[in-house]
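A.B. asks: Each residue of the first sequence is one higher than the one before, counting from 294 in this note's numbering. Using N, Cα and C, we set each Cβ at its ideal position, and we do this for glycine too. Note that the structure is a prediction, hence the values are computed from the model and not measured. Mind looking over this structure? Questions follow.
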Amino acid sequence: MTDYLEESAEARRSLNFIEQIIEEDLRNGKNDGRVHTRFPPEPNGYLHIGHAKSICLNFGLAIRYNGKCNLRFDDTNPTKEEQEYVDSIKDNVRWLGFDWEDREFYASDYFDTLYEFAVKLIMKGKAYVCDLSAEEISNMRGTPSVPASPSPYRNRGVEENLDLFRRMKAGEFPDGTRTLRAKIDLASPNMHMRDPVLYRIMHTAHHRTGDRWCIYPMYDFAHGQSDSLECITHSICTLEFEVHRPLYDWFIRELEIFPSRQIEFARLNLSYTVMSKRKLLELVNAGLVNGWDDPRMPTISGLRRRGYTPASIRLFADKVGVAKRDNVIDIALLEHCLREDLNKKAPRRMVVTKPLKVIIDNYPEDLVEELDAINNPEDPEAGTRKVPFSKEIWIEQDDFMEAPPKKYFRLAPGTEVRLRYAYFITCVGVEKDDAGNITCLHCTYDPASRGGNSPDGRKVQGTIHWVSASHAVAAELRVYEHLFTREDPDNVDEGGDFKDYLNPDSLKVLQARAEPSLDSPEVLSNFQFERIAYFSVDQDSKPGQPVFNRTVTLKDSWAKQGVR
RNA sequence: UGUCCGAUGGUGUAAUUGGUAACACAACUGACUCUGGAUCAGUCGAGUCCAGGUUCGAGCCCUGGUCGGACAACCA
294 MTDYLEESAE ARRSLNFIEQ IIEEDLRNGK NDGRVHTRFP PEPNGYLHIG HAKSICLNFG
354 LAIRYNGKCN LRFDDTNPTK EEQEYVDSIK DNVRWLGFDW EDREFYASDY FDTLYEFAVK
414 LIMKGKAYVC DLSAEEISNM RGTPSVPASP SPYRNRGVEE NLDLFRRMKA GEFPDGTRTL
474 RAKIDLASPN MHMRDPVLYR IMHTAHHRTG DRWCIYPMYD FAHGQSDSLE CITHSICTLE
534 FEVHRPLYDW FIRELEIFPS RQIEFARLNL SYTVMSKRKL LELVNAGLVN GWDDPRMPTI
594 SGLRRRGYTP ASIRLFADKV GVAKRDNVID IALLEHCLRE DLNKKAPRRM VVTKPLKVII
654 DNYPEDLVEE LDAINNPEDP EAGTRKVPFS KEIWIEQDDF MEAPPKKYFR LAPGTEVRLR
714 YAYFITCVGV EKDDAGNITC LHCTYDPASR GGNSPDGRKV QGTIHWVSAS HAVAAELRVY
774 EHLFTREDPD NVDEGGDFKD YLNPDSLKVL QARAEPSLDS PEVLSNFQFE RIAYFSVDQD
834 SKPGQPVFNR TVTLKDSWAK QGVR
């Protein structure tokens with residue numbers, strides 16, 4: 294985890310507003326100089342890149358200030374939560390590189406204590422059992438400018454409330470017939486203070502407590518108290534909970550428990566994608582993507598399958614910063630962080646994505662040479678490998694033009710290029726089919742240029758990649774583009790839907806020819822296919838039939854010129 | 001219409017807490033290169049939402065607006 298410290302330390306020299314608060318608390322000796330955060334997901338879906346930011350923030354703060362960060366599942370609604378999600382969340386946090394040690398908690402661990410807290414409020418005359426239906430409560434809540442009208446049960450006696458609440462717990466009443474409500478302020482401009490519901494009746498089995506309970510606490514009654522029970526010093530959440538803070542503080546005050554402090558920051562938004570769990574779920578259910586871990590999804594599982602590295606996501610989380618203003622991060626920043634990491638780590642390989650056959654006329658018929666190729670020019674430690682060369686090879690269709698424009702450095706009739714790590718070749722002939730499509734190229738090679746340099750010192754402008762035809766491995770390439778065509782797919786036109794902006798070309802499959810070292814690569818390993826893009830090995834791969842996901846393209850200043 | 005929060009280059013985030021707007025991404029030039037990659041050098045681009053006020057001095061403080069976001073689930 295020292296890696297993480299170094300990453301963030303060098304990437305940042307000024308403090309974000311949360312760090313400023315923490316350092317001020319530290320100066321004042323608040324919480325005995327302790328910093329304790331938590332990451333509190335609800336296990337009702339998969340985590341996405343926005344959660345990754347929160348994870349990096351909370352665990353990162355703990356690391357930076359020598360504190361601790363808990364993993365706590367906010368599992369107070371048994372109708373939505375499942376063990377599958379708990380497992381995926383733990384897996385994602387671990388993959389990102391963080392460790393909650395033995396501090397894996399669940400709000401459901403606190404159900405007994407929470408019940409006692411509720412009893413305490415009842416005894417203080419600060420909570421009451423209400424017999425109104427959900428609809429009635431809603432109708433009586435008023436509007437932000439019109440006060441709520443009091444529930445007819447608002448002034449029930451303590452004994453009656455205690456009895457009713459006990460019977461709610463005992464399962465005497467059907468779902469929805471009663472709630473426990475806090476008695477606060479019906480005229481508050483903050484709707485959350487107008488006698489919020491604390492407990493509801495749900496005869497539903499919970500993924501952890503089974504059928505032990507038929508009443509479940511609401512978010513507001515569970516979250517802050519859970520923070521307090523864990524002695525969380527800084528409870529960091531997103532902006533929409535800002536209006537809940539007065540209630541958060543009210544419970545702490547009335548219950549006289551450890552005063553955790555809630556701090557809100559702006560959630561992450563990314564261009565060309567959607568981030569809400571609801572929309573992501575919709576894409577999965579409608580079959581518009583292939584599950585939560587589809588490489589086009591902004592879920593952590595999707596990014597992982599796509600080939601993103603934990604370090605790249607941590608770097609990204611650090612670079613986007615933390616503030617309270619709404620933001621949309623350019624997805625190019627995420628890709629930049631990825632390339633930065635992959636450039637240093639990913640072994641290079643040669644893969645021809647759109648093959649064009651080249652026959653080297655003057656190369657011996659049955660000769661096969663093993664040539665040395667550098668695995669990663671950025672990392673000498675990565676060493677070299679052997680790549681077979683023979684008379685017939687594949688090159689990229691884009692690397693040949695019969696009538697090239699100016700400043701085209703690649704192969705054309707009569708021009709010479711270097712085959713990477715191999716030889717200089719010159720194009721001497723073009724074969725076409727009846728329709729005029731180029732089917733094959735004839736070239737000659739310069740035997741003296743073996744390895745890629747000519748002893749006479751002559752230069753060639755272009756270097757292209759290649760694969761020996763008889764040694765090539767057939768590889769499936771899954772080429773991804775942004776999932777949406779619109780920078781802000783949430784911003785829909787009249788009568789439209791965010792799904793209207795799905796990019797029909799977000800996935801294209803290519804049958805490529807790869808160098809033999811790519812025969813059976815390890816799933817999830819990253820490679821750079823030289824001059825093309827970074828690719829990662831998909832789990833659908835079989836020995837001899839590798840499948841690669843395009844992680845991110847290389848920057849291509851030639852393509853940018855729009856010459857082709 | 002009520003309360004809360006926010007507003008700094010195209011996008012994000014800073015500005016020693018009142019001292020004269022910086023960094024990153026993006027874009028664009030050029031150098032270099034056995035990846036048109038990487039790297040390096042450089043350029044473009046905001047006078048800080050608006051109007052007043054305090055001050056020698058305001059992106060930072062005050063007042064009033066404007067615009068944007070959040071909140072009226074027995075969801076979290």
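For valine 816, which three-state DSSP category applies?
C.D. replies: Position 523 of the first sequence, counting from 1, holds the residue named residue 816. In the structure shown, valine 816 sits in coil (DSSP, three-state: anything other than H, G, I, E or B).
A.B. asks: Determine the DSSP secondary structure at cysteine 530, reduced to helix, strand or coil.
C.D. replies: For the purposes of this step, residue 530 is taken as residue 237 along the first sequence, with counting starting at 1. Looking at cysteine 530 - three-state DSSP - the assignment turns out to be strand.
A.B. asks: Should histidine 341 and isoleucine 593 be called a contact, given that it needs their Cβ atoms to be closer than 8 Å?
C.D. replies: The sequence position of residue 341 within the first sequence is 48, counting from 1. The sequence position of residue 593 within the first sequence is 300, counting from 1. Cβ atoms of histidine 341 and isoleucine 593: closer than 8 Å.
A.B. asks: Could you tell me how far apart the beta carbons of tryptophan 393 and cysteine 362 are, in whole angstroms, since I believe they sit closer than 8 Å?
C.D. replies: Within the first sequence, numbered from 1, the residue matching residue 393 stands at position 100. Within the first sequence, numbered from 1, the residue matching residue 362 stands at position 69. Contact holds; Cβ gap of about 7 Å.
A.B. asks: When DSSP labels each residue in this structure, what does histidine 344 get in the three-state scheme?
C.D. replies: Looking up residue 344 in the first sequence gives position 51. Reduced to three states, the DSSP call for histidine 344 is helix.
A.B. asks: What residues in its chain sit with their C-beta under 8 Å from that of methionine 568, if we drop five residues either side in the sequence?
C.D. replies: The residue you call residue 568 lines up with position 275 of the first sequence. Once the five neighbours on either side are set aside, the close Cβ partners of methionine 568 are His341, Ile342, Gly343, Arg560, Leu561, Asn562, Pro591.
A.B. asks: Could you work out which residue in Met495, Pro748, Glu808 is closest to glycine 464 when comparing CA atoms only?
C.D. replies: Your numbering for residue 464 matches position 171 in the first sequence. Closest option to glycine 464, Cα to Cα, is Met495.
A.B. asks: Quick check on the DSSP output: what are the complete alpha helix (DSSP H) runs of length 4 or more inside the segment 605-680, in order along the chain?
C.D. replies: Whole alpha helix (DSSP H) segments, 4+ residues: 624-638.
A.B. asks: Measure the C-alpha to C-alpha separation of histidine 500 and leucine 354 and round it to an integer number of angstroms.
C.D. replies: Position 207 of the first sequence, counted from the start, is the residue given in the question as residue 500. Position 61 of the first sequence, counted from the start, is the residue given in the question as residue 354. So the two alpha carbons sit approximately 31 Å from each other.
A.B. asks: Find out if the Cβ-Cβ distance for the pair valine 710, glycine 755 is shorter than 8 Å.
C.D. replies: The sequence position of residue 710 within the first sequence is 417, counting from 1. The sequence position of residue 755 within the first sequence is 462, counting from 1. Against a cut-off of 8 Å, the Cβ pair of glycine 755 and valine 710 comes out as a contact.
A.B. asks: Leaving out five residues on either side along the sequence, give the residues of the same chain with a beta carbon under 6 Å from the beta carbon of glycine 390.
C.D. replies: By 1-based counting over the first sequence, the position of residue 390 is 97. Once the five neighbours on either side are set aside, the close Cβ partners of glycine 390 are Pro603.
A.B. asks: In angstroms, rounded to a whole number, what distance separates the CA positions of arginine 327 and serine 307?
C.D. replies: Walking along the first sequence from the start, residue 327 turns up at place 34. Walking along the first sequence from the start, residue 307 turns up at place 14. Distance between the alpha carbons of arginine 327 and serine 307: 21 Å.
A.B. asks: Go ahead and pull the three-state DSSP assignment for threonine 719.
C.D. replies: Walking along the first sequence from the start, residue 719 turns up at place 426. In this structure, threonine 719 counts as strand in the three-state DSSP scheme.
A.B. asks: Could you tell me the alpha carbon to alpha carbon distance between proline 648 and asparagine 819, rounded to whole angstroms?
C.D. replies: Here residue 648 refers to the residue found at position 355 when the first sequence is read from its first residue. Here residue 819 refers to the residue found at position 526 when the first sequence is read from its first residue. Roughly 22 Å separates the two Cα atoms.
A.B. asks: Since I believe leucine 473 is in contact with leucine 491 (beta carbons under 8 Å), could you give me their beta-carbon distance rounded to a whole number of angstroms?
C.D. replies: Reading the first sequence from its first residue, position 198 is the one you call residue 491. Reading the first sequence from its first residue, position 180 is the one you call residue 473. Right, their Cβ atoms sit about 5 Å apart.
A.B. asks: Give me the Cα-Cα distance between threonine 295 and arginine 357, rounded to the nearest whole angstrom.
C.D. replies: The residue you call residue 295 lines up with position 2 of the first sequence. The residue you call residue 357 lines up with position 64 of the first sequence. Since pLDDT at threonine 295 reaches only 43, below the 50 mark, its modelled position is unreliable, and the value read off the structure follows with that caveat. Those two C-alpha atoms are separated by around 10 Å.
A.B. asks: Which whole-angstrom value describes the C-beta separation of tryptophan 506 and phenylalanine 404, a residue pair presumed to lie in contact below a C-beta threshold of 8 Å?
C.D. replies: For the purposes of this step, residue 506 is taken as the residue at position 213 of the first sequence. For the purposes of this step, residue 404 is taken as the residue at position 111 of the first sequence. Right, the Cβ-Cβ distance comes to about 6 Å (below 8 Å), so this counts as a contact.
A.B. asks: Valine 840 and arginine 771: beta carbons closer than 8 Å?
C.D. replies: As a position in the first sequence, residue 840 is number 547, starting the count at 1. As a position in the first sequence, residue 771 is number 478, starting the count at 1. Closer than 8 Å, so yes.
A.B. asks: For the candidate residues Cys349, Asn370, Ser519, whose alpha-carbon lies nearest to that of glutamate 335?
C.D. replies: In the first sequence, residue 335 corresponds to position 42, counting from 1. Selected option, being the one with the closest Cα: Asn370.
A.B. asks: Count the other CB atoms, across all protein chains shown, that sit within 10 Å of the CB of threonine 526; report buried if there are 16 or more and exposed otherwise.
C.D. replies: Residue numbering aside, residue 526 sits at position 233 when the first sequence is read from its first letter. Its Cβ being crowded by 16 or more others within 10 Å, threonine 526 is buried.
A.B. asks: Taking only runs that begin and end inside the segment 491-546, name each unbroken alpha helix (DSSP H) of 4 or more residues, in chain order.
C.D. replies: Fully enclosed alpha helix (DSSP H) runs of 4 or longer: 512-522.
A.B. asks: Would the segment 371-389 count as touching the segment 411-420 if we require 3 or more Cβ pairs under 8 Å?
C.D. replies: In short, these stretches do not touch, since the Cβ pair count stays below three.
A.B. asks: Entirely within the segment 434-486 and at least 3 residues each: give me those beta strand (DSSP E) ranges in chain order.
C.D. replies: Complete beta strand (DSSP E) runs here, min 3: 472-475.
A.B. asks: For the structure I just gave you, are there three or more beta carbon pairs, one from the segment 630-650 and one from the segment 758-766, closer than 8 Å?
C.D. replies: The segment 630-650 vs the segment 758-766: in contact.
A.B. asks: Which term fits glutamate 316, buried or exposed, when burial requires 16 or more other beta carbons within 10 angstroms of its beta carbon?
C.D. replies: Counting from one through the first sequence, the residue named residue 316 turns up at place 23. With fewer than 16 Cβ atoms within 10 Å of its Cβ, glutamate 316 is classed as exposed.
A.B. asks: Check for me: the alpha helix (DSSP H) holding alanine 420 runs from which residue to which?
C.D. replies: Working through the first sequence from its first residue, we reach residue 420 at position 127. Taken as a continuous stretch (DSSP letters only), alanine 420 belongs to no alpha helix (DSSP H), being part of the beta strand (DSSP E) at 420-423.
A.B. asks: Applying the 10 Å Cβ sphere with the 16-neighbour rule, what's the burial state of valine 451?
C.D. replies: By one-based count along the first sequence, residue 451 stands at place 158. Exposed.
A.B. asks: Which value, in whole angstroms, describes the spacing of the CA atoms of leucine 596 and arginine 589?
C.D. replies: By one-based count along the first sequence, residue 596 stands at place 303. By one-based count along the first sequence, residue 589 stands at place 296. Going by the C-alpha atoms only, they are around 7 Å apart.
A.B. asks: Touching or not, the segment 608-627 and the segment 805-812, by the rule of three or more beta carbon pairs under 8 Å?
C.D. replies: Taking 8 Å as the limit for Cβ pairs, the verdict is that the segment 805-812 does not touch the segment 608-627.
A.B. asks: Quick test of your reading: valine 723 and proline 697, contact by CB under 8 Å. State the CB separation rounded to the nearest angstrom.
C.D. replies: Within the first sequence, residue 723 is the residue found at index 430, counting from 1. Within the first sequence, residue 697 is the residue found at index 404, counting from 1. Going by Cβ atoms, the distance from valine 723 to proline 697 rounds to 13 Å, so no, they are not a contact pair.
A.B. asks: Count the other C-beta atoms from every protein chain shown that fall within 10 angstroms of the C-beta of methionine 484, then say buried if there are 16 or more, exposed otherwise.
C.D. replies: Along the first sequence, read from residue 1 onward, the residue named residue 484 stands at position 191. Methionine 484 comes out exposed.
A.B. asks: From Asp659, Arg607, Leu734, pick the residue whose C-alpha is nearest to that of isoleucine 652; which is it?
C.D. replies: Taking the first sequence and counting its residues from 1, the one referred to as residue 652 is at position 359. Here the closest residue by C-alpha is Leu734.
A.B. asks: Compare the Cα-Cα distances from cysteine 630 to each of Ala616, Tyr656, Gly600 and report the closest residue.
C.D. replies: Position 337 of the first sequence, counting from 1, holds the residue named residue 630. Comparing Cα-Cα distances from cysteine 630 to each of Ala616, Tyr656, Gly600, the minimum goes to Gly600.
A.B. asks: Under 8 Å between the Cβ atoms of aspartate 488 and serine 444?
C.D. replies: If you number the first sequence from 1, residue 488 lands on position 195. If you number the first sequence from 1, residue 444 lands on position 151. In contact: aspartate 488 and serine 444 (Cβ atoms closer than 8 Å).
A.B. asks: Is it the case that the segment 528-546 contacts the segment 426-435, given that we only count it when at least three CB pairs across the two stretches are under 8 Å?
C.D. replies: Because the criterion of three Cβ pairs below 8 Å is not met, the segment 426-435 and the segment 528-546 do not touch.
A.B. asks: Can you give me the Cβ contacts of alanine 666 inside the same chain, cut-off strictly under 7 Å, excluding the 5 residues immediately before and after it?
C.D. replies: Translated into the one-based positions of the first sequence, residue 666 becomes position 373. Closer than 7 Å at the Cβ level, and outside the excluded window around alanine 666, lie Thr677, Arg678, Val680, Tyr714.
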